[in-house]
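Asks:
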């Protein structure tokens, strides 16, 4: 499968933090969710992909080219967690500027997005709510016909209705299987709704890169009372609750059969992330 983003052994060192040999891919025609706690390295990875930071090692390919190739920019739409258009601009001002920057700018598509999002063309950005500003940023990102959309916490702080509208746009964007979305968010429920693959980063390292359906259909939480010992090979991470020991397992059906006295529950994406980040110990320890 062709990749829209291919990251191999990406490294970046800061005082007190190291992005450590990060590798993952974003296949064409798919949505990849990028999750992790604040400070895990999500925004650093995105800025390195966009060549806004200089990497210390590794390789990054975007749309089949090295990410430093100037030709890459026209094929990538980017939306951050804040709208960076000047407050005195109107959506029409935004179009006037960006249509001169992007040769593939589609004014008809842009105005269709403004209409879909009920954004007034002649009102200044400073009068917009946060949700309206984010819709404007997404409209502008999509209007220059990108093949890849990168979002960094774009749904943060938005109400559920606005978030749902944005998620629908992302699903529409990949329907022809020629486009891809790399979606960084701490709102795991958004990732759970639309992602095909999930990448978890923790303290600058990739913990896993997995199909979302595998995570939700197979992973589980095994809750054991006193007297039930779970073999290290059967689980990933464990934690103590005071009344029981809980284990994150890769196959809850198998674990449930092997340990009939334990309770094997399904795990949400948030459950899985929290186990990896806050679990007391890996099962091999």
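In the working numbering, the protein residues as written are 1 to 285.
Virtual Cβ for every residue (Gly too), placed ideally from N, Cα, C.
Around the Cβ of residue 90, are there at least 16 other Cβ atoms within 10 angstroms (buried) or fewer (exposed)?
Replies: Residue 90 sits at position 90 when you count from the first residue of the chain shown. With 16 or more other Cβ atoms within 10 Å, it is buried.
Asks: Counting only runs of 3+ residues fully inside the segment 129-209, write out the beta strand (DSSP E) ranges in chain order.
Replies: Taking only runs of at least 3 residues, the beta strand (DSSP E) segments lying wholly in the segment 129-209 are 148-152, 180-184 and 197-202.
Asks: How would you label residue 152, buried or exposed, when you count the other beta carbons within 10 angstroms and need 16 or more for buried?
Replies: The residue you call residue 152 lines up with position 152 of the chain shown. Buried: at least 16 other Cβ atoms inside 10 Å.
Asks: For residue 183, does the count of other Cβ atoms within 10 angstroms reach 16, so buried, or fall short, so exposed?
Replies: Mapped onto the chain shown, residue 183 falls at position 183. So residue 183 ends up on the buried side.
Asks: Where residue 216 and residue 93 are concerned, what is the direct C-alpha to C-alpha distance, given to the nearest angstrom?
Replies: Against the chain shown, residue 216 aligns to sequence position 216. Against the chain shown, residue 93 aligns to sequence position 93. Between residue 216 and residue 93, the C-alpha separation is close to 44 angstroms.
Asks: I need the DSSP call for residue 266, collapsed to helix, strand or coil.
Replies: The residue you call residue 266 lines up with position 266 of the chain shown. Correct three-state label for residue 266: strand.
Asks: Can you name the start and end residues of the beta strand (DSSP E) that residue 247 belongs to?
Replies: Translated into positions along the chain shown, residue 247 becomes position 247. Taken as a continuous stretch (DSSP letters only), the beta strand (DSSP E) holding residue 247 covers 245-249.
Asks: Tell me whether residue 311 sits in a helix, a strand or coil according to DSSP, three-state version.
Replies: Because the chain spans 1 through 285 in this model, residue 311 falls outside it and cannot be assessed.
Asks: Assuming residue 10 contacts residue 55 under a Cβ cut-off of 8 angstroms, what Cβ separation, rounded to an integer in Å, is found between them?
Replies: Position 10 of the chain shown, counted from the start, is the residue given in the question as residue 10. Position 55 of the chain shown, counted from the start, is the residue given in the question as residue 55. That belief holds up - the Cβ atoms of residue 10 and residue 55 are roughly 6 angstroms apart, short of 8 angstroms.
Asks: If you count every other CB in all the chains shown that lies within 10 Å of the CB of residue 142, and 16 or more means buried, which is it?
Replies: As a working note, residue 142 is residue 142 in the chain shown. Under this definition residue 142 is a buried residue.
Asks: Take residue 2 and list the residues in its own chain whose beta-carbon comes closer than 8 angstroms to its own, dropping the five residues that flank it on each side.
Replies: The sequence position of residue 2 within the chain shown is 2, counting from 1. Counting only Cβ-Cβ distances below 8 angstroms, and skipping sequence neighbours, we find 27, 28 and 64.
Asks: CB residue 159 to CB residue 30, shorter than 8 angstroms?
Replies: On the chain shown, position 159 is the one that residue 159 refers to. On the chain shown, position 30 is the one that residue 30 refers to. Taking 8 angstroms as the Cβ cut-off, residue 159 and residue 30 do not qualify as a contacting pair.
Asks: Run through the DSSP bridge pairs and tell me what residue 78 is partnered with.
Replies: As a position in the chain shown, residue 78 is number 78, starting the count at 1. DSSP, once it has assigned bridges, lists 150 as partnering residue 78.
Asks: Compute the Euclidean distance between the alpha carbons of residue 225 and residue 231, then round it to the nearest angstrom.
Replies: Looking up residue 225 in the chain shown gives position 225. Looking up residue 231 in the chain shown gives position 231. Near 15 angstroms, if we compare the C-alpha coordinates of residue 231 and residue 225.
Asks: Taking the beta strand (DSSP E) that residue 59 falls in, what are its first and last residues?
Replies: By one-based count along the chain shown, residue 59 stands at place 59. Residues 57-62.
Asks: Taking one C-beta from the segment 157-172 and one from the segment 93-105 each time, how about it: are there three or more such pairs within less than 8 angstroms?
Replies: The segment 157-172 vs the segment 93-105: no contact.
Asks: According to the Cβ coordinates, are residue 106 and residue 145 closer than 8 angstroms?
Replies: Here residue 106 corresponds to residue number 106 of the chain shown, with the count starting at 1. Here residue 145 corresponds to residue number 145 of the chain shown, with the count starting at 1. Yes, the Cβ-Cβ distance between residue 106 and residue 145 is below 8 angstroms.
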